[in-house]
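To start, the structure itself, in structure tokens.
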Amino acid sequence: MSAETAPAVAVTTSTGTWCGELTRGSGAPALTVQGRTVDFPVTDVVAVVPVAGCASS
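All residue numbers for the sequence shown refer to my numbering, where the first residue is 5 and numbers rise by one.
Next up, the structure:
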């Protein structure tokens, strides 16, 4: 793993599952998913699982 690439995680919330790299959002944790930032409230998180990579769809 290079220093430039953060490990991928799958985050499951009450509204769905996203796979991406953890990043800072606007006051909440966030994932970078296919170039977009997805913020999610910590209270909605059901699970966070490290993954080898994310499938593109």
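All C-beta atoms, glycine included, are put in the ideal place defined by N, C-alpha and C.
{"Asked": "Reduced DSSP category for T47 - H, G, I as helix; E, B as strand; rest coil", "Found": "helix"}
{"Asked": "Beta-carbon separation (whole angstroms), G24 vs C58, contact threshold 8 Å", "Found": "6 Å"}
{"Asked": "Nearest neighbour of D43, chosen from V49, V50, A32 and V15 [CA to CA]", "Found": "A32"}
{"Asked": "Backbone CA spacing between V13 and T47 [nearest angstrom]", "Found": "17 Å"}
{"Asked": "Sheet register partners of T17 (DSSP bridge)", "Found": "G20 and V49"}
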